[in-house]
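Protein chains: 2
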Amino acid sequence: MESQKIKNISVDCVVFGYNTTEKTLNVLLIKRYLESATDSKILVNDYVLTGYHVNEDETLDDTATRALKELTGLSGLYKKQFKAFGNPNRLLDKKDQLWIKNEDFNSRTITVAYYFLIKTEAINLNENKYNAKWFPVNSLPELGFDHESIILEAYEDLKIKCLSEPIIFELLPNKFTINDVQDLYESILGIEIDNRNFRRKLINKKYIIPLDEKQVGVSKKPAQLYMFSKDVYEKMFKKNYLISI
Amino acid sequence: MESQKIKNISVDCVVFGYNTTEKTLNVLLIKRYLESATDSKILVNDYVLTGYHVNEDETLDDTATRALKELTGLSGLYKKQFKAFGNPNRLLDKKDQLWIKNEDFNSRTITVAYYFLIKTEAINLNENKYNAKWFPVNSLPELGFDHESIILEAYEDLKIKCLSEPIIFELLPNKFTINDVQDLYESILGIEIDNRNFRRKLINKKYIIPLDEKQVGVSKKPAQLYMFSKDVYEKMFKKNYLISI
DNA sequence: CCAAAAGTGTTCTCTATACACCCATGA
DNA sequence: TCATGGGTGTATAGAGAACACTTTTGG
Numbered sequence: 001m002e003s004q005k006i007k008n009i010s011v012d013c014v015v016f017g018y019n020t021t022e023k024t025l026n027v028l029l030i031k032r033y034l035e036s037a038t039d040s041k042i043l044v045n046d047y048v049l050t051g052y053h054v055n056e057d058e059t060l061d062d063t064a065t066r067a068l069k070e071l072t073g074l075s076g077l078y079k080k081q082f083k084a085f086g087n088p089n090r091l092l093d094k095k096d097q098l099w100i101k102n103e104d105f106n107s108r109t110i111t112v113a114y115y116f117l118i119k120t121e122a123i124n125l126n127e128n129k130y131n132a133k134w135f136p137v138n139s140l141p142e143l144g145f146d147h148e149s150i151i152l153e154a155y156e157d158l159k160i161k162c163l164s165e166p167i168i169f170e171l172l173p174n175k176f177t178i179n180d181v182q183d184l185y186e187s188i189l190g191i192e193i194d195n196r197n198f199r200r201k202l203i204n205k206k207y208i209i210p211l212d213e214k215q216v217g218v219s220k221k222p223a224q225l226y227m228f229s230k231d232v233y234e235k236m237f238k239k240n241y242l243i244s245i
Numbered sequence: 001m002e003s004q005k006i007k008n009i010s011v012d013c014v015v016f017g018y019n020t021t022e023k024t025l026n027v028l029l030i031k032r033y034l035e036s037a038t039d040s041k042i043l044v045n046d047y048v049l050t051g052y053h054v055n056e057d058e059t060l061d062d063t064a065t066r067a068l069k070e071l072t073g074l075s076g077l078y079k080k081q082f083k084a085f086g087n088p089n090r091l092l093d094k095k096d097q098l099w100i101k102n103e104d105f106n107s108r109t110i111t112v113a114y115y116f117l118i119k120t121e122a123i124n125l126n127e128n129k130y131n132a133k134w135f136p137v138n139s140l141p142e143l144g145f146d147h148e149s150i151i152l153e154a155y156e157d158l159k160i161k162c163l164s165e166p167i168i169f170e171l172l173p174n175k176f177t178i179n180d181v182q183d184l185y186e187s188i189l190g191i192e193i194d195n196r197n198f199r200r201k202l203i204n205k206k207y208i209i210p211l212d213e214k215q216v217g218v219s220k221k222p223a224q225l226y227m228f229s230k231d232v233y234e235k236m237f238k239k240n241y242l243i244s245i
């Protein structure tokens, strides 16, 4: 027997992925398309986050994990619940109402939003059954429901979080160059960083481990590859209480 | 006509208040008491957070504001939505079930938790209709539902937040001494701070404004009073992107 | 005059920041 | 040999951290 879904509580997932070659931070979105049964006029044609309604017997984290597994086939990804959205008007736009008519849920639904960080290389979208597609977070397509503001709030949270926790490495391949990390910070934060200073800073961290390996297949001086050791990071982690107000 | 409440979605409020004389960070809790109708055995006798179910036509923030207004009579307080709790077992403890029987809501309820910061001096609990009482966050009484873990997570969030935003002043009287601020940080973070260094640091902030006033009614050298200027703070606020991983 | 807490300076170390050129490689 | 991005060093300024004694007041 399938467990019962709760019709007014959902989880939405903002999936962030970083494209190392294009140096863009992207969000994974799925297509929403509906045309009129009578005159085949396009009624809904936009994108939304992936999300599911919470089941009676599930935790919120379970629902989020299930949604990601469905969408990408992956589990064990970095995940963060960052905010609940419960404005009574959040699903009341005309096209959203049309869409909901075809679905089995309440138009007064509150959603608990999560964001996920994934290595884009880890998934292949060519045969994705939801028509999932990456969009740069700075140039999003038309979005349904209140999903644009959900994405923007997730992004704000990510910006703050990546300054104090080593979550950036969730977005990079296991082997990366120092400049990859710098580019990623620059993409996320929209700032420029001095390469020499950044380099020194990173190389001095014990949990940034140089490999006996260099880039291959590049038409220039191949860069040194590094990996991030979560183990070392956690062992040397020392909470500091620096008050900076 | 009264608006309809949603029976499976609630908001719970962790109200933090700081007692300047006892130097304790406290949480405001309300009594939950129920005895058997037949043999007057005590069935439920503990404390819970204040909370309400969300109304159909309300935002989550509205519900939180309404709950605080009911409890304290105050509005315009510092408020932060910090996490949603949706474990299917969160209300299934025996005494919680007994309690719920007398109430009109679903035992599969998810709650969106907020915390509030208030100046304890601003409220008078003597004539509080909910029997609200302050408890030190480090020595909480027996709590109903999953409210202990909600409080602990709120506290963790507060610890982090107070390091980077000037929210500490929400917990202090408008006029305070430098040592008041230090004591408060020490209470919240559970650390010791060097008075000379802390003092210098704070006095150098332009938004910490010395008043032409000293403590009165103290049996020792009266200390200089200061105020916090949110205006000045916001004008000089400059986002810095210091990466500290 | 005593108890209690307020208030005060200096030194050292570490980190952030600014800044410009040579190097190694594949094509 | 050239285009491309990789990689390198130094100097300065500012902030954090460690540390102990004197001052002021009310009682």
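Protein chains in written order, with UniProt numbering: chain X, 1 to 245; chain L, 1 to 245. Backbone N, C-alpha and C define an ideal beta-carbon position, used for all residues, glycine too. These figures come from a predicted structure and were not determined experimentally.
- In chain order, Cys13, Ile30, Ala67, Leu71 place their CB closer than 6 Å to the CB of Thr50 (chain X), counting only its own chain and leaving out the 5 sequence neighbours on each side.
- Restricted to the UniProt domain "Nudix hydrolase" (6-159) of chain X, the beta strand (DSSP E) segments that are unbroken, complete and at least 3 residues in length are 24-35, 42-48, 50-55, 78-85, 110-119, 133-136, listed in chain order.
- For Phe228 (chain L), the enclosing beta strand (DSSP E) covers residues 224-228.
- Bridge partners of Lys214 (chain L) according to DSSP: L:Gln224.
- Counting only the Cα atoms, Phe237 (chain X) lies some 21 Å from Leu172 (chain X).
- Counting only the Cα atoms, Glu58 (chain L) lies some 25 Å from Asp157 (chain X).
- Flagged as an interface residue toward chain X: Ala84 (chain L), by a C-beta distance shorter than 8 Å.
- Taken in chain order, the members of the segment 173-192 of chain X whose beta-carbon sits within less than 8 Å of a beta-carbon on chain L are Tyr185, Leu189, Ile191.
- By the Cβ neighbour-count rule, Arg108 (chain X) is buried, with 16 or more other Cβ atoms within 10 Å of its own.
- Residue burial is scored here from C-beta neighbours: Asp104 (chain L) has fewer than 16 other C-beta atoms within 10 angstroms and is therefore classed as exposed.
- For Tyr185 (chain X), the enclosing alpha helix (DSSP H) has its first and last residue at 178-189.
- In terms of beta-carbon proximity, Tyr226 (chain X) stays away from the interface with chain L, with every pair separated by 8 Å or more.
- Taking 8 Å as the threshold, the shortest C-beta distance from Asn87 (chain X) to chain L falls below it.
- Chain X has no Cβ within less than 8 Å of the Cβ of Thr20 (chain L).
- Straight through space, the alpha carbons of Asn87 (chain L) and Ile6 (chain X) are spaced by roughly 13 Å.
- Ranked by Cα distance from Glu121 (chain X), the options X:Glu170, X:Ser36, X:Asp39, X:Val44 are led by X:Glu170.
- Separation of Asn204 (chain L) and Glu22 (chain L) (C-alpha to C-alpha, rounded to the nearest whole angstrom) is 27 Å.
- By the C-beta density criterion, Thr38 (chain X) is exposed, having fewer than 16 other C-beta atoms within 10 angstroms.
- Closer than 7 Å at the C-beta level to chain L, one finds these residues of the segment 54-71 of chain X: Val54, Glu56, Asp57, Glu58, Thr59, Leu60.
- Spanning the alpha carbons of Val15 (chain L) and Ile243 (chain L) requires a straight line of approximately 32 Å.
- Rounded to the nearest angstrom, the gap between the Cα atoms of Cys162 (chain L) and Asn19 (chain X) is 35 Å.
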